[in-house]
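Before any comments, here is the structure.
Have a look at this one:
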């Protein structure tokens, strides 16, 4: 999961290639990622080879960390 501060885009007027501000490699591809802005946690689901939903603490966006997860398969 790449973390990128969207405020970098505010003053851009020309084509620019940006890099991620940080990276979390606790999973590979995800179908969806939801962020709870109040708690500072991200939740990823639809992951290849991983059952359940990992919880990622992004209260410090420069250092996202694992915060556990739910191991049950949630798709019907």
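Residue numbers (the working numbering): 58 to 133. Beta carbons: idealized from backbone N, C-alpha and C, even for Gly.
Check, Outcome
"Length of the line joining the Cα atoms of residue 111 and residue 122", "10 angstroms"
"For residue 80, the three-state DSSP class (helix, strand or coil)", "strand"
"Test item: CB-CB of residue 124 and residue 101 under 8 angstroms", "no"
"Nearest-angstrom Cα separation, counted from residue 79 out to residue 68", "21 angstroms"
"Contact with chain D by residue 82, beta-carbon distance below 8 angstroms", "The question asks about chain D, but that chain is absent: this structure has only one protein chain."
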